[in-house]
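Chains as they are written, first to last, in the numbering used here: chain A, 22 to 150; chain B, 22 to 150. Ideal placement from N, C-alpha and C gives every residue a C-beta, glycine not left out. Everything below concerns the one structure shown next.
Number of protein chains: 2
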Amino acid sequence: MRIGELAEASSTTTKTLRFYEEAGLLPAPNRTASGYRDYDPDVVARLNFIRRSRTAGLSLAQIREVLDIRDSGSAPCQHVHELLEDRLAGLDRQIAELQALRATVAQLRDAATSVEPADCDPVLVCRYL
Amino acid sequence: MRIGELAEASSTTTKTLRFYEEAGLLPAPNRTASGYRDYDPDVVARLNFIRRSRTAGLSLAQIREVLDIRDSGSAPCQHVHELLEDRLAGLDRQIAELQALRATVAQLRDAATSVEPADCDPVLVCRYL
DNA sequence: CTGGACCTTCCAGTGCAGGGGAAGGTCAAG
DNA sequence: CTTGACCTTCCCCTGCACTGGAAGGTCCAG
C-alpha cells in the first residue's frame, strides 16, 4: 500500500509516517519502480501499537526500545512491564508535584481575593505573588 | 550594578537576564560609558517577582502581562487574581488527566504482570499495550 | 496531452525557556 | 604592560514530536 493509504488506515499523516521511518520506528519499506514507498499491511498493526503506547504516555524513544527488542526476535514483555512500572512511578511523582503546586496556587489566589491595591509596592510588582 | 552582580543577587544567570530583557520582562538598563549594563538595585525585586511567578507555574508571557500592567501605572491585582484562577483551573484539569492516565497505565501494568510471551503475536509487537 | 492527485527529498519552523560558545572590547591588579 | 575576569553582540543549539512548504517526479482519467 502507498503512504497515503497507510496514513488513512492508521489515522495519521504521511508526514508522521516519514518522520517515524526517519526516527527508526518504522522499517524502511520497499519501493516501487518509481520510488514510491510500498508498505506491507502489517505496518498498520505496528502503528496501532505505537499509537496505544503514545496514549499511555510513552516517548518515541521508549517505544523504539520495545520495537527494537521485538524486531531482534525476542518478546519485549519484560521490558514493557518495566516501562509501565517506570511510567507509573513517573505519573505518581508528577501528580504529587502538581497537587503541591495546586495547594500553593490556591493559597495565593485566596490571598489575592481581597484585593487592596493601595498596599502594593510598585517595586514588588504584586504582593500577592 | 553590573549584570554579573545582578545575576548573583537574583540567583540567576547573565544569559537569563539578557534573555528577559529581550523578551520584554526587564526594562533596558542604563549603560556605562563603555556599554556595560548598569542596573538599578530595584530590579532584584522585579526578578524575585518573576521567580515567584515562575514557581507558581506562570509562563513568561503571563508574567509579562502583569509587569506591563504594573509598568503602565496600574495595580495588576485584578489581573493577577484572574491569572491565578485560570492557573488553578488548568492545574485541576491537568491533575484529572494525569489521574485518568495513571488508572489506564496501572491496568496495563497489572495485565502485563503475568507475562506470557507465547501469546504475543509479533505483528502486534506486544499484546499488553 | 493536460490537469490534478499523489508521491519524492530537503530545509525550516513550531513552542518554551533559556544555554553554548565565538569574537572581540574593558577594567583593575600586579 | 600583560593577565584574567568580566562585559558586549551574534548566531546557533537543546528536547519533543511533529508540521509546513518548496521544487520536482509519477500516475491515471478525460
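| Asked | Found |
| --- | --- |
| Which whole-angstrom value is the C-beta distance of A:Cys-141 and B:Ala-49, which I expect to be below 8 Å? | No, A:Cys-141 and B:Ala-49 are not in contact; Cβ-Cβ is about 24 Å, not under 8 Å. |
| Whole alpha helix (DSSP H) runs in the region 61-134 of chain B with 4 or more residues, listed along the chain? | 64-76, 81-92, 98-132 |
| Roughly how many angstroms separate the alpha carbons of B:Gln-99 and B:Leu-122, rounded to a whole number? | 35 Å |
| Beta carbon of B:Arg-72, beta carbon of B:Leu-81: below 9 Å? | no |
| What does the alpha-carbon distance come out to for the pair B:Arg-62 and A:Cys-147? | Checking the displayed sequence, the identity of residue 62 of chain B turns out to be Pro instead of Arg. If I take the Cα positions, the gap works out to 17 Å. |
| What does B:Thr-134 reach in chain A if we use C-beta pairs closer than 8 Å? | His-102 |
| Note the first and the last residue of the continuous alpha helix (DSSP H) segment covering A:Thr-37. | 35-43 |
| Tell me B:Arg-23's beta-bridge partners as DSSP assigns them. | Note: B:Arg-23 sits in no beta bridge, so no partner. |
| According to DSSP, what are the bridge partners of B:Asp-18? | Given a span of 22 to 150 for chain B in the structure shown, any question on residue 18 of chain B remains unanswerable. |
| Relative to chain B, which residues along the region 69-86 of chain A have a C-beta separation below 7 Å, given in chain order? | Phe-70, Arg-73, Ser-74, Ala-77, Gly-78 |
| For the region 42-59 of chain A, which residues have a beta carbon sitting closer than 8 Å to at least one beta carbon of chain B? | none |
| Name the residue from B:Asp-59, B:Ala-66, B:Val-101 whose alpha carbon lies nearest to the alpha carbon of B:Gly-78. | B:Val-101 |
| Answer yes if the region 128-136 of chain A comes into contact with the region 23-38 of chain B, meaning at least three C-beta pairs across the two stretches below 8 Å, and no otherwise. | no |
| Counting only the same chain and skipping the five closest in sequence on each side, list residues whose C-beta sits under 8 Å from that of B:Asn-69. | Ser-31 |
| May I ask you to list, following chain order, the residues of the region 108-123 of chain A that have a beta carbon less than 9 Å from some beta carbon of chain B? | Arg-108, Leu-109, Leu-112, Asp-113, Gln-115, Ile-116, Leu-119, Gln-120, Leu-122, Arg-123 |
| Just to make sure I have the definition right: I need the residues of chain A whose C-beta is within less than 8 Å of the C-beta of B:Leu-38. Which are they? | Result: empty, since nearest Cβ-Cβ is about 17 Å, beyond 8 Å. |
| For A:His-100, is the beta carbon positioned less than 8 Å from some heavy atom of the ligand MG? | This structure lacks the ligand MG, and indeed carries no ligand of any kind. |
| Out of curiosity, what's the CA-to-CA distance linking B:Ala-66 and B:Glu-118? | 36 Å |
| Taking the Cβ atom as the reference point for each residue, do B:Val-87 and B:Leu-112 lie within a distance shorter than 9 Å? | no |
| Can you tell which of A:Ala-44, A:Thr-35, A:Pro-143 has the C-alpha that lies nearest to the C-alpha of B:Gly-94? | A:Pro-143 |
| Here's a check: name, in chain order, each residue in its chain whose Cβ is nearer than 7 Å to the Cβ of B:Glu-42, leaving out the five neighbours to either side. | Ala-49 |
| Indicate whether at least one CB of chain B lies closer than 9 Å to the CB of A:Ala-30. | no |
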